[in-house]
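K.L.:
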Amino acid sequence: MELIRTLIMHDGGLPGLAAMTTLDRPEACVVWHMPHPDRAVATRQQACITAQMQALGCTSFVGAGPLNHSITPSGPGKAFSACDEDQALESCTVLMAAIAARQHGCHRVLWPENADDDADRLSSLCRRAVLIQHLANLTSDGEEPPPSQMLEIDIPMLDCSDRQVADLAIRSGVPLDQIHWCTSRADAPCERCASCIRWHKALSELGLAAVQQ
């Protein structure tokens, strides 16, 4: 059977690492990373991704240019809410990953997101994955390619809880100090940002304490 070449979106955090463990051959995947706009955070992300790739035997890395993290709608109509803007940026990032997948001969993109117990988030992720997959598969004449050439957007941990995602990541054997989750500019996890609060809770449910990074 022909190996389906996979591109995995990864920011050095628990979800991306967990998604890598769902692959039969993680060493054969392409790791795609869009850096955080803050240089200090981006540096920590890159260090963790490098360590994780070495631990899992991955060698193929593709870095993207930073996305403009400010979307200003033009024309008449209601302005974006913060939630709308976050979803728009997230969707743009996935589409960029899909384009990179095409360029590197991949037929699948792993989007490492999970909805935990948020039904609205689950529904939104499903809808956007279908839309992005459709856009990524359009040819120059507006048609879709043959099934054998179709690109798939896969969310393998869609209905997983944060605890399950953290457990998958930890089972990879990568030490906690080589996993990134804090989005603040501090040298160590701030324990105050939404990402720290989210993943510290998941780790504590597993009986683990977050470490200084």
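According to the numbering used here, the sequence shown is numbered sequentially starting from 3. Using N, Cα and C, we set each Cβ at its ideal position, and we do this for glycine too. Keep in mind the model is a prediction, meaning the values are calculated, not measured.
(1) With 16 other CB atoms within 10 Å as the buried threshold, where does R46 fall?
(2) Is the beta carbon of A100 closer than 7 Å to that of A138?
(3) Between the region 18–37 and the region 91–110, do at least 3 Cβ pairs fall closer than 8 Å?
(4) Can you say whether D164 is buried or exposed, counting buried as having 16 or more other CB atoms within 10 angstroms of its CB?
(5) Counting only runs that start and end within the region 8–62, where is the beta strand (DSSP E) found for 3 or more residues in a row?
(6) So does the region 166–185 actually touch the region 14–21, counting three or more Cβ pairs closer than 8 Å?
(7) Output the distance between the C-alpha atoms of M159 and D122, rounded to the nearest integer angstrom.
(8) How big is the Cα-Cα spacing for P177 and Q135?
(9) Taking the alpha helix (DSSP H) that L205 belongs to, which residues open and close that run?
(10) So the beta strand (DSSP E) V111 belongs to, where does it begin and stop?
(11) Since C50 and Q180 should fall inside the 8 Å C-beta cutoff, what is the C-beta to C-beta distance between them, to a whole number of angstroms?
(12) Within 10 angstroms of its Cβ, does Q105 collect 16 or more other Cβ (buried), or is it exposed?
(13) Compare the C-alpha of D86 against each of R130, A117 and Q48 and name the closest.
(14) If you count every other CB in all the chains shown that lies within 10 Å of the CB of A42, and 16 or more means buried, which is it?
P.N.:
Reading from the atomic positions:
(1) Taking the sequence shown and counting its residues from 1, the one referred to as residue 46 is at position 44. R46 comes out buried.
(2) Indexing the sequence shown from 1 puts residue 138 at position 136. Indexing the sequence shown from 1 puts residue 100 at position 98. Cβ atoms of A138 and A100: closer than 7 Å.
(3) With the cut-off at 8 Å, the region 18–37 and the region 91–110 touch.
(4) As a working note, residue 164 is residue 162 in the sequence shown. When all chains shown are included, D164 counts as buried.
(5) The qualifying runs are 8–11 and 32–35.
(6) Below 8 Å, enough C-beta pairs join the region 166–185 and the region 14–21 to call them touching: three or more.
(7) Along the sequence shown, one-based indexing puts residue 159 at 157. Along the sequence shown, one-based indexing puts residue 122 at 120. For M159 and D122, the gap between their C-alpha atoms comes out near 16 Å.
(8) For the purposes of this step, residue 177 is taken as residue 175 along the sequence shown, with counting starting at 1. For the purposes of this step, residue 135 is taken as residue 133 along the sequence shown, with counting starting at 1. P177 and Q135: Cα-Cα distance of roughly 34 Å.
(9) To locate residue 205, count along the sequence shown from 1; it is residue 203. Start and end: A196 to E207.
(10) For the purposes of this step, residue 111 is identified with residue 109 of the sequence shown, where counting begins at 1. Membership of V111 in the beta strand (DSSP E) is indicated by the continuous run R110 to L112.
(11) Residue mapping note: residue 50 aligns to position 48 of the sequence shown, counting from 1. Residue mapping note: residue 180 aligns to position 178 of the sequence shown, counting from 1. Taking 8 Å as the upper bound for CB-CB distance, C50 and Q180 are in contact here, some 5 Å apart.
(12) Residue mapping note: residue 105 aligns to position 103 of the sequence shown, counting from 1. Exposed: under 16 other Cβ atoms inside 10 Å.
(13) If you number the sequence shown from 1, residue 86 lands on position 84. With distances taken between Cα atoms, D86 lies closest to R130.
(14) Sequence index remark: in the sequence shown, residue 42 carries index 40 (1-based). It is exposed - the Cβ of A42 has fewer than 16 other Cβ atoms within 10 Å.
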